[in-house]
Amino acid sequence: MDMQAVPGKSPVVGVVLGSDSDLPVLTPGLEILEKWDVPFEVQILSAHRTPTEAANYAATARERGLKVIIAAAGMAAHLPGVLAAYTTLPVIGVPIASGELRGIDALYAMVQMPPGIPVATVGIGAGKNAALLAVELLGLADPVWYHKLEAYRKEQAKGVLDKNTKLQKLGYHGYLARAKEAGK
Ligand code: RP5
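Just so we're aligned, residue 0 is where the sequence shown starts under numbering that gives the first Met the number 0, counting upward by one.
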């Protein structure tokens, strides 16, 4: 699978999934990239099922214009580590809650990379944070990206403060009753 969100612009974020079963977990992050017009691509490449393609992807990533790679995988989850071994671009690992250990195995595999080859690991299933971190990295070189993040944070803070104003007005019983009415 190959998807490019902004036609005509070459991707700067590469999102690599170990399996198509990982796609739903990454969707909230992909939606952010899409909404903010970050040129990105999504690939299914497995470190164990398609090792040659995964290695080639990472080895050619910089020359193809990518700035950061997000790699999501479950179970033994060596994908981000293998990609990181083939590129000096930053690699963000997203552990997926698949298999009997529900992501603990993937989290440990990513976050416990041996010294020399880092993987910036986010929480289990944290596709949204992976996308935000990728945009933060892009923002180091281009203010257009951190301006998007600043606007997003303002909006997020407003959401929390609005809820607090409502809570102060209604009291917690009233707040819960309203939430129940709204089906939350
Ligand atoms: C990993 O194994 C994938 O990243 C996925 O999370 C898990 C299961 O893969 P499928 O059997 O669903 O393809 O390689």
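All C-beta atoms, glycine included, are put in the ideal place defined by N, C-alpha and C.
The structure displayed is predicted, hence computed values, not measured ones.
Contacts around residue i, its chain only, beta-carbon distance under 6 Å, and the 5 residues preceding and following it disregarded
i, result
"M112", "G80, V118"
"E135", "none"
"L78", "G17, A46, A70, A72"
"Q155", "none"
"V110", "T120"
Start-to-end residues for the beta strand (DSSP E) that takes in residue i
i, result
"P94", "90-95"
"Q42", "39-43"
"L100", "L100 -> no beta strand (DSSP E), and no H or E assigned at all."
"V67", "67-73"
Cβ separation of residue i and residue j, assumed to be a contact under 8 Å, to the nearest whole Å
i, j, result
"A75", "A108", "6 Å"
"I95", "V24", "6 Å"
"Y174", "K165", "6 Å"
Where residue i falls, given that 16 or more other Cβ within 10 Å makes a residue buried
i, result
"V90", "buried"
"V37", "buried"
"G124", "buried"
"K147", "buried"
"S97", "buried"
"Y171", "exposed"
"E180", "exposed"
"A4", "For A4, the predicted structure reports a pLDDT of 48, less than 50, and the residue's modelled location is therefore unreliable. The matter cannot be settled from this model."
"I103", "exposed"
"A133", "buried"
"M0", "Model confidence at M0 stands at a pLDDT of 38, short of 50, so the residue's coordinates are unreliable; what they give is reported in the following sentence. With fewer than 16 other Cβ atoms within 10 Å, it is exposed."
"D19", "exposed"
"E149", "exposed"
"V159", "exposed"
"A105", "buried"
"V143", "exposed"
Under 7 Å between C-beta atoms of residue i and residue j
i, j, result
"Y85", "A58", "yes"
"L88", "A60", "yes"
"G126", "P27", "yes"
"V15", "F39", "no"
"T49", "G92", "no"
"A83", "I43", "no"
Close-in-space but distant-in-sequence residues of the same chain around residue i (CB under 8 Å, 5 per side omitted)
i, result
"A140", "K66"
"K100", "Reading off the sequence shown, one finds Leu at residue 100, where the question assumed Lys. Here the set comprises M74."
"K8", "P38"
Residue interval of the alpha helix (DSSP H) (run including residue i)
i, result
"G28", "22-34"
"G17", "Note, G17: premise wrong, no alpha helix (DSSP H); not H, not E."
"P50", "50-58"
"L174", "With the sequence shown as reference, residue 174 is identified as Tyr, and Leu is not the correct amino acid for it. Unbroken alpha helix (DSSP H) run through Y174: 142-180."
"V11", "V11 -> no alpha helix (DSSP H), and no H or E assigned at all."
"A239", "No statement about residue 239 is possible, as the shown extent of the chain runs from 0 to 183 and does not include it."
"E62", "Looking at the DSSP string, E62 is not in any alpha helix (DSSP H), and its letter there is neither H nor E."
"L139", "Taken as a continuous stretch (DSSP letters only), L139 belongs to no alpha helix (DSSP H), as it is neither H nor E."
Other residues of its chain near residue i: CB distance less than 7 Å, five sequence neighbours each side excluded
i, result
"G122", "N128"
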